[in-house]
Amino acid sequence: MNSIVCLKEVPDTEARIEVRDGKVVEEGIQYVVNPYDEFALEEALKWQEQNGGKVTLVSLGPERARESILKGLAMGADEVYHLSAEAFQNGDSYATAKALAAAISKLGEYDAIFCGRQAVDDDNAAVGIMLAEILDLPHVSVVSRLEIDIDAKSAKARRDIEGGQEVVELPLPAVITAQKGLNEPRYPSFRGIRQARQKPFVQWGLEDVGLAADEVGAAGSKLEIVAVLPPPERPAGRIIEGEPDEAARKVVHLLRDEAKVI
Amino acid sequence: MGNNVLVFAEQRDGILKKVAYEMLTAGAKLAADLGGSVEAVLVGSGLDGLPDMLAQYGATKVYVADDPALGLYSSEAYTDTLAALAGQVEPAVLLVGATAMGRDLAPRLAACLGVGLASDCTALEIDGGQLLATRPIFAGKALAQIKLNSNPQMATVRPNVLAVQEPDPGASATVEPIGAVTAQMRARVVEIAGAGEGEIDVAEADIIVSGGRGVGGPDGFEPIRHLAKTLGAAVGASRAAVDAGWIEHAHQVGQTGKTVTPNLYIACGISGAIQHLAGMKTSKVIVAVNKDPEAPIFKLANYGIVGDLFQVVPAMEEEFKKVLAE
Ligand SMILES: Cc1cc2nc3c(=O)[nH]c(=O)nc-3n(C[C@H](O)[C@H](O)[C@H](O)COP(=O)(O)OP(=O)(O)OC[C@H]3O[C@@H](n4cnc5c(N)ncnc54)[C@H](O)[C@@H]3O)c2cc1C
Ligand SMILES: Nc1ncnc2c1ncn2[C@@H]1O[C@H](COP(=O)(O)O)[C@@H](O)[C@H]1O
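Those sequence lines, one after another, are chains A and B.
Each position in the first sequence, counted from 1, maps to that position plus 2 in our numbering.
Each position in the second sequence, counted from 1, maps to that position plus 1 in our numbering.
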């Protein structure tokens, strides 16, 4: 079973995001593999262990992303295609999906494309699903349980919805976006880390995927960020004094009379 | 391109999502600024009566794709049906709720139409004849203001954030049946599991009572559940409680859980890590119960109680019972 995993580098979830002059300040931010993409990769590796085949990483991002991508190789992926050219960068979900789709089309046969449910920087939760439409594949998103029958080339997935789960059946190849709970991503072993640097790491530019500069990146985007603002401040918190039961009673009355939420 | 705003009015089992009303209310204002009107589209099976409801919240026209094949959500058939409609009526703005269904459908539809998408927006306005959408990025650590340079200008809208107008019982709308496009349905929903157990989902709740590592174990959620029941609230949890196996992941609030915007969020035994705050800091009113006066959650809470949750939570419940009975 051959799988493609779309892996994005994002700021660490601990990172303080500072907005200055309508932009996010990039200095001092630590970057990591998008947490949901680790679930995606783990799932691909798990099915590879059962069914054989290859796990290929595809990542669009700046040169800087190399270290994060190496972690994917250290976890066990076989090879990487990195869309590192400047022209690919700073695109919206559509331009990013388009570039990833063009790259994936060059990669030969595959059974599944695994993505994260969402990237925790832009929080769009869109690229994987757009990829499916562009490649004319079925998809299932926010998957917390997956069974694959590789002989029948089909999959059965559970995806989280409000108050329950949808059970979805679909033929392969398909796009699957991973939710937390799907699996427990492994830690890279020492051996894995050592081997990572020997694995094929291919950097691709526009010619390699066959797209023009105005189709991808910022130029190919259909969305323009007019401004980035800091979030609205919340009023400073207030501690309600008193013994626990007394404070509890006071808060209930404040919720009714002052905050008017009950 | 027209001047109208088209709202995808999500329903499941004949029940409309509240976010449909929120989008109609916001959409009416956008449409007025564009010199058009707000219209709605229903997709599903057995939709009688629903167009009237949408009319009461401002829809002037309701397109209805009513077909047994659309009874359960299908990413492909819903996309193709809506793409055909959008091609025909050319709305200026197309809004979809940022629900489980909407967040699955909208990206596929946007890619099918070849347009941009502003996801999970929390404010919408018209600026210079164009949609200006505001959306949280970096888990709410910043806000981005976005314009879309393709038509329709497509956005998904976060539930529970935008105001709903009073319904007008006298209002009516033109109803126009449209064809279902079901030629391609490779991914099929075969079953809905776990629904109907009477639990309220945190993503849809007006009030959430949440427990963290401070509850100490699976049984520690009992007082939380009791309080939630008294308030008709959903039960939330921190990742620490979920990862410990005390409660299912569906309850997790935060960056790798659900983003919630209830009127009232009561955090019990939760320290207030940045990834938890990411999921709940846009709650209208926050109450924190924690025995550590230095817990970061107190910086955010409108009302903080320093104390043992096993004492405070039952005392709150008792008092709520009295107040609610008044
Ligand atoms: C990539 C990533 C994603 C993450 N995503 C999420 C997420 O989506 N959601 C999330 O919640 N976390 C998330 N986290 C984890 C987060 O960093 C914290 O570890 C977690 O939120 C801590 O949970 P907690 O507040 O319940 O536990 P703790 O931080 O251990 O806090 C427990 C609190 O309970 C208090 N307490 C103890 N006993 C009592 C008592 N009897 N009465 C009152 N108070 C008491 C203590 O004083 C303490 O403040 C994520 C982390 C990472 C790295
Ligand atoms: N630049 C990128 N490179 C590789 N994969 C990406 C990229 N952007 C998004 N993805 C994939 O699409 C998923 C959803 O991302 P998003 O739509 O940005 O929230 C991510 O979890 C990744 O699997």
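All residues carry an ideal CB built from backbone N, CA and C; glycine is no exception.
Predicted, not measured: the structure shown is a model, and the values here were computed from it.
For residue i, name the three-state secondary structure that DSSP assigns.
i: B:Q253; result: strand
i: A:R188; result: coil
i: A:S146; result: strand
i: A:P13; result: strand
i: A:E69; result: helix
i: B:L31; result: helix
i: A:L231; result: strand
i: B:M24; result: helix
i: A:E40; result: helix
i: A:L62; result: strand
i: B:T175; result: strand
i: B:V314; result: helix
i: A:G74; result: helix
i: B:N291; result: strand
i: B:V324; result: helix
i: A:L256; result: helix
i: A:P140; result: coil
i: B:P92; result: coil
i: B:W247; result: coil
i: A:I152; result: coil
Since residue i and residue j are thought to touch, with beta carbons under 8 Å apart, how far apart are those beta carbons, to the nearest angstrom?
i: B:V39; j: B:A60; result: 6 Å
i: B:A188; j: B:S76; result: 6 Å
i: B:A156; j: B:L132; result: 7 Å
i: B:L96; j: B:M24; result: 5 Å
i: B:T262; j: B:V162; result: 5 Å
i: B:C269; j: B:G233; result: Rounded, the Cβ-Cβ distance is 17 Å, inconsistent with contact.
i: B:L106; j: B:V42; result: Incorrect: roughly 12 Å between the Cβ atoms, too far for contact.
i: A:I131; j: B:P108; result: 4 Å
i: A:N53; j: A:I152; result: 5 Å
Are the CB atoms of residue j and residue i within a distance shorter than 9 Å?
i: A:V122; j: A:P13; result: yes
i: A:I163; j: B:A101; result: yes
i: B:K282; j: A:P232; result: no
i: A:L2; j: A:A46; result: Residue 2 of chain A falls outside the range modelled here, since chain A spans only 3 to 264, and no answer is possible.
i: A:Q50; j: A:G74; result: no
i: B:W247; j: B:A238; result: yes
i: B:P224; j: B:P315; result: yes
i: B:A70; j: B:L110; result: no
i: A:L174; j: A:A157; result: yes
i: A:F203; j: A:E81; result: yes
i: B:Q146; j: A:I227; result: yes
Roughly how many angstroms separate the alpha carbons of residue i and residue j, rounded to a whole number?
i: B:K292; j: B:G221; result: 15 Å
i: B:A274; j: B:Q256; result: 10 Å
i: A:A180; j: A:K252; result: 44 Å
i: B:I271; j: B:R240; result: 10 Å
i: B:K142; j: A:V21; result: 9 Å
i: B:P90; j: A:V218; result: It should be noted that the sequence gives Val, not Pro, for residue 90 of chain B. Whole-angstrom Cα-Cα distance: 29 Å.
i: B:Q57; j: A:L257; result: 31 Å
i: A:V27; j: B:D121; result: 23 Å
i: B:E249; j: A:D216; result: 45 Å
i: A:A249; j: A:E243; result: 6 Å
i: B:Y266; j: A:N185; result: 29 Å
i: B:A326; j: A:I264; result: 12 Å
i: B:F321; j: B:V65; result: 44 Å
i: B:A94; j: B:Q154; result: Contrary to the premise, residue 94 of chain B reads as Val rather than Ala in this sequence. Spanning the two alpha carbons is a distance of roughly 5 Å.
i: B:A140; j: A:V7; result: 23 Å
i: B:I306; j: A:R188; result: 39 Å
i: A:S95; j: B:L310; result: 43 Å
i: A:A128; j: A:Q167; result: 20 Å
i: A:L172; j: A:P140; result: 7 Å
i: A:R240; j: A:D210; result: 58 Å
i: B:A174; j: B:M54; result: 10 Å
i: B:G37; j: B:L118; result: 21 Å
i: B:L73; j: A:A17; result: 40 Å
i: B:M186; j: B:E318; result: 49 Å
i: B:R104; j: B:I127; result: 23 Å
Any C-beta of chain A sitting closer than 9 Å to the C-beta of residue i?
i: B:E205; result: yes
i: B:M24; result: no
i: B:M317; result: yes
Strictly under 9 Å for the Cβ-Cβ distance: is residue i near chain B by that measure?
i: A:G165; result: yes
i: A:Y33; result: no
i: A:Y83; result: no
i: A:N185; result: no
i: A:T98; result: no
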